[in-house]
Ligand SMILES: Nc1ncnc2c1ncn2[C@@H]1O[C@H](COP(=O)(O)OP(=O)(O)OP(=O)(O)O)[C@@H](O)[C@H]1O
Ligand SMILES: [Mg+2]
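Residue numbers (this note's numbering): 2 to 260.
What follows is the structure in structure tokens.
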């Protein structure tokens, strides 16, 4: 479904190499998580797939078509994109934000309205209360949920999501992640998502790609990576949830004394 072959990206005329010779395939209906520390090239990798950033070398195909042969606007209309900065249009209401792609696709006013209601419910926002609000009248987490609804609006088969749950509190986040997993499964969505939360990657992803300094250090299923990371950096990153759990257990045992 998505094929990335030997892709590199340089900014500033070769001064920064954000992505270096990266290759991976994502099959239809598969969820791939990109993890790695800040600046390792996750967003650049995502943005090259929908041509928000042009690749420097290598090749990317979406649905067997080379992305360079698809006009960027057409490509982006077919791929749901949740951007890291949420990026709602500030002058549009919640329903207008979510309705952007349906409008471009020529849907009727009624069909779009029904879709907006359905998606707001899906992300846990009461349509009656939120439909007419502007982004500035929403909390960061509510804006993020509207961003997710907007990316799903046109019924894309492919989604690129850059830290889509990052602004949500842990309880809301767990609910939205679970909901998204159901949507993904029901619609067989092909998804590439970025997260800093290894536990989230382990829960949602069929495969995880660990990136460092623009390269993929390891890419495999969660169970295979956990039992055999094959790379010291991947091993360290994957051990984070266990390390956190251990610290919490120790704090509980110490009766609240600092460790
Ligand atoms: N438009 C740009 N011009 C120049 N350099 C850039 C540009 N965008 C990104 N970079 C650089 O490319 C590298 C990779 O950036 P990228 O945004 O892909 O990282 P990331 O893994 O998404 O990080 P984060 O987790 O902080 O979002 C960084 O060193 C960054 O400074
Ligand atoms: Mg990023």
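Just so it is clear, CB atoms sit at the ideal spot from N, CA and C, and this is done for glycine as well. Just so we're clear, the structure is a prediction, and the values are computed from it rather than from any experiment.
Below 8 Å on the Cβ atoms is my guess for residue i versus residue j; work out the distance and round it to an integer in Å.
i	j	result
residue 221	residue 209	7 Å
residue 152	residue 82	6 Å
residue 46	residue 23	6 Å
residue 121	residue 150	6 Å
residue 44	residue 163	6 Å
residue 104	residue 113	7 Å
residue 196	residue 159	18 Å between Cβ atoms; not a contact.
residue 134	residue 94	6 Å
residue 216	residue 48	Their Cβ separation, rounded to whole angstroms, is 17 Å, which puts residue 216 and residue 48 out of contact at 8 Å.
residue 157	residue 39	Not really, about 28 Å apart at Cβ, beyond 8 Å.
Residue range of the alpha helix (DSSP H) that residue i falls in?
i	result
residue 46	43–50
residue 4	Element bounds for residue 4: not the alpha helix (DSSP H) but the beta strand (DSSP E), 3–12.
residue 202	199–205
residue 118	110–123
residue 102	101–105
One question on the structure: do residue i and residue j come within less than 7 Å of each other, judged by their Cβ atoms?
i	j	result
residue 199	residue 242	yes
residue 99	residue 117	yes
residue 202	residue 36	yes
residue 32	residue 187	no
residue 145	residue 87	yes
residue 161	residue 193	yes
residue 165	residue 91	no
residue 2	residue 29	yes
Determine, for residue i, whether the minimum Cβ-Cβ distance to residues of chain B falls below 7 Å.
i	result
residue 136	The structure shown has no chain B; it contains just one protein chain.
Residue range of the beta strand (DSSP E) that residue i falls in?
i	result
residue 69	Here residue 69 belongs to no beta strand (DSSP E), and DSSP marks it neither H nor E.
residue 24	17–27
residue 244	Per DSSP, residue 244 belongs to no beta strand (DSSP E); it is in the alpha helix (DSSP H), 241–254.
residue 33	32–36
residue 135	Note, residue 135: premise wrong, no beta strand (DSSP E); not H, not E.
residue 228	Residue 228 -> not in any beta strand (DSSP E); alpha helix (DSSP H) instead, spanning 223–228.
residue 209	208–213
residue 61	58–63
residue 192	191–195
residue 262	Residue numbering for the chain in the displayed model covers 2 to 260; residue 262 lies beyond these limits and cannot be assessed.
Check your understanding: Using 8 Å as the Cβ pair cut-off and three pairs as the minimum, do the stretch 221–237 and the stretch 246–258 touch?
Key -> Segments in contact, no.
Check your understanding: So does the stretch 3–15 actually touch the stretch 57–65, counting three or more Cβ pairs closer than 8 Å?
Key -> In the pairwise beta carbon analysis, the stretch 3–15 is classified as touching the stretch 57–65: at least three pairs are separated by under 8 Å.
Practice item. Identify every run of the beta strand (DSSP E) within the stretch 141–184, keeping only runs that are complete inside it and at least 3 residues long; order them along the chain. Key: Listed in chain order, the complete beta strand (DSSP E) runs (minimum 3 residues) inside the stretch 141–184 are 159–163.
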